[in-house]
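Asker: To start, I am sharing the structure in question, which I have written as structure tokens.
Numbering (the UniProt record's numbering), first residue to last: 1 to 602.
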């Protein structure tokens, strides 16, 4: 793995914006190896056997069923995919861990949440930050499903501001233990977990500290009632109270005051895994939607034949395809970065931490895009079912409710939007991503004479790739001017950050779909990728509109006079197609393939 990673220069996180990526250098779902294909089939069979037939029980708050399914997943090894084999895990690469998370999460949000909370934020902090003794003691139990983990960060007064928690840890007089006092809320898996990762503040430390705390009611730990929630009904979610809970000093995770760093890095992994958890949910909603649309006859015609339904099926399939493309692209970047670091002598812990941290921008982008696309997919799924979609007896209503939490946990989408741009600016300041020179080049281009040559776009997707290059200039133009104007105070202008973030998100998502499609055209032939080309073109068309709107919003809000006029002219130039796509024809091409196959076929 390290060899293949070394052969090509891997872009650093955020560099997609300023460097061109060759399609050969992106990983796509069509690149899964035999082991990954077998793993995918194993997980799908498990879900169709253990989860799908019990959908009704999950909707009626059967917490015991969630625990039972999780235990069975542990017996199959699915909880230990990312855990090194010396701790009874399978030690698989990052792409495989994404794959399992993807396919186990699609049938119900209750299992998606339990699985994500346990394997990610419940197990990962010990795997990545634990001492050898801590890992040997706890990780094998977590990897096999003998024990379950939970993550106690959020408090009534500390949500997005995670470092403001009031839970206290006080060192005992003999220096052998800490007493923890405080209250945590929205704790997934609390009702059946054996172990908590708890964040508390020692004295008046600036940053919180992480602890591994075994769940023992005789040690001052009590739970609130199960929360009544909009969705994820069988995900156990409770408050956790610590009253003089004694924790041995050797159970501190990493060092004193390092809890905030642990929390943030655990969330980076959580974000990209949450994007993965939104993928099969979209595929399954499309499957149910198209089957219903093919069977439902109105005006003597299956509704799948109507243009209004074709519109929905095409947009749903396109977003699912794009989310897949971007998620697996980033996952392989992370896997390759981990491999390079391990080849350079880093420990598994250090390599994985730094590998994921490198792509924190992409993790935030994916979390936002996939969670919003999944919500839209579920919403359109209800609409295809019509009145039946609103009924709890049909599957769409539960899918819509379950989808809603994804925009909130692992950092709200608003926080993640601002983080994506904020992290990019920080990387630029450190010299890890050269934004300054490309931004200056775009500024020079604005004052120069534009070329009036007609480019040759005869090669498939060549105009789309040229559009992506121009859209990157839009971001550099808008963000570059905003940074120049506001400097470090830019983070106080949240609406501008959000607009810039939407531009960044659309560029990454659209480019990922175009590169995946181009790669597959080159190896499988253009005639096999007709619908995929249509999806890449359709997504880009929407991306151009969104970028145009968000960039204009930014320009008119912080620029004035000649600067504003010049930037608006630049925006017009950078978002102009040479050949506008026939959007209705693209949708029809995509929808007809989905309808004909009676499933999500990509």
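The beta carbon of each residue, even a glycine, is placed where N, CA and C say it ideally should be.
Beta strand (DSSP E) containing residue 244: first to last residue?
Answerer: It spans 237 to 248 - the beta strand (DSSP E) in which residue 244 sits, taken as one unbroken run.
Asker: What is the residue span of the alpha helix (DSSP H) that residue 98 lies within?
Answerer: 94 to 104
Asker: Express the C-alpha separation of residue 551 and residue 142 in angstroms, rounding to a whole number.
Answerer: 46 Å
Asker: Give the secondary structure of residue 188 by DSSP, where H, G and I count as helix, E and B as strand, and everything else as coil.
Answerer: Strand.
Asker: Tell me, to the nearest whole angstrom, how far the beta carbon of residue 27 is from that of residue 332; I am working on the premise that it is less than 8 Å.
Answerer: With a Cβ gap of about 3 Å, residue 27 and residue 332 count as contacting.
Asker: Smallest Cα separation from residue 396: which of 55, 31 and 25?
Answerer: 55
Asker: So, helix, strand or coil for residue 74, using DSSP?
Answerer: Here residue 74 sits in helix by DSSP.
Asker: Taking the alpha carbon of residue 548 as the point to measure from, which residue in 567, 69 and 530 has its own alpha carbon closest?
Answerer: 567
Asker: Give the C-beta separation of residue 613 and residue 169 to the nearest angstrom, bearing in mind that I take them to be a contact with Cβ-Cβ under 8 Å.
Answerer: Here the chain comprises residues numbered 1 to 602, so residue 613 is not present and cannot be evaluated.
Asker: If I'm right that residue 490 touches residue 418 with Cβ under 8 Å, what's the distance once you round it to whole angstroms?
Answerer: Not a contact, Cβ separation roughly 10 Å.
Asker: Use the C-beta contact count for residue 375: other C-beta atoms within 10 angstroms, 16 or more gives buried, fewer gives exposed.
Answerer: buried
Asker: Starting from residue 196 and walking both ways along the alpha helix (DSSP H), at which residues does that stretch end?
Answerer: Not the alpha helix (DSSP H): residue 196 falls in the beta strand (DSSP E), residues 195 to 202.
Asker: Helix or strand or just coil, what does DSSP make of residue 129?
Answerer: helix
Asker: Identify which residue in 320, 174, 139 and 422 has its Cα closest to the Cα of residue 106.
Answerer: Check the Cα spacing between residue 106 and each of 320, 174, 139 and 422: the tightest is with 320.
Asker: Classify residue 376 as helix, strand or coil using the three-state DSSP reduction.
Answerer: Judged by DSSP in its simplified three-state form, residue 376 adopts helix.
Asker: Report the three-state DSSP secondary structure of residue 383 (helix, strand or coil).
Answerer: helix
Asker: Report the CB separation of residue 208 from residue 200 in whole angstroms; it is logged as a contact under 8 Å.
Answerer: 6 Å
Asker: Per the DSSP calculation, residue 212 is bridged to which residue(s)?
Answerer: 197
Asker: Are the Cβ atoms of residue 312 and residue 380 separated by less than 8 Å?
Answerer: yes
Asker: If you run the structure through DSSP and keep just helix, strand and coil, what is residue 559?
Answerer: coil
Asker: Apart from the five residues just before and just after residue 482, which ones in its own chain have a Cβ nearer than 8 Å to its Cβ?
Answerer: 490, 493, 496, 500, 554 and 558
Asker: Of all the options 82, 373 and 487, which has the alpha carbon lying nearest to the alpha carbon of residue 429?
Answerer: 487
Asker: Pull up the distance between the alpha-carbon of residue 3 and that of residue 9, whole angstroms please.
Answerer: A caution first: residue 3 carries a pLDDT of 40, below 50, which makes its placement in the model unreliable, though a value can still be read off. The straight-line gap from Cα to Cα measures roughly 12 Å.
Asker: Which residues bound the alpha helix (DSSP H) around residue 391?
Answerer: Where residue 391 is concerned, there is no enclosing alpha helix (DSSP H), given that its DSSP letter is neither H nor E.
Asker: Which residues in the same chain have their Cβ closer than 8 Å to the Cβ of residue 606, if we skip the five residues on either side of it in sequence?
Answerer: Lying before the first or after the last residue shown, residue 606 is absent from the chain, which here runs from 1 to 602.
Asker: Check whether the Cβ atoms of residue 309 and residue 377 sit closer than 8 Å, and answer yes or no.
Answerer: Not in contact: residue 309 and residue 377 (Cβ atoms no closer than 8 Å).
Asker: In whole angstroms, give me the CA-to-CA distance for residue 111 and residue 249.
Answerer: One C-alpha to the other measures close to 33 Å.
Asker: Excluding the five sequence neighbours on either side, which residues of its own chain have a C-beta within less than 8 Å of the C-beta of residue 1, listed in chain order?
Answerer: Since pLDDT at residue 1 reaches only 40, below the 50 mark, its modelled position is unreliable, and no value is offered.
Asker: Quick one, are the C-beta atoms of residue 95 and residue 123 less than 8 Å apart?
Answerer: no
Asker: Going by Cα to Cα distance, which pick from 258, 293, 191 and 222 is closest to residue 242?
Answerer: 222
Asker: In whole angstroms, what is the alpha-carbon distance linking residue 599 and residue 210?
Answerer: A direct Cα-Cα distance of roughly 45 Å separates residue 599 from residue 210.
Asker: Could you please give the first and the last residue of the uninterrupted beta strand (DSSP E) stretch that includes residue 312?
Answerer: Unbroken run through residue 312 is the alpha helix (DSSP H), 307 to 343; no beta strand (DSSP E).
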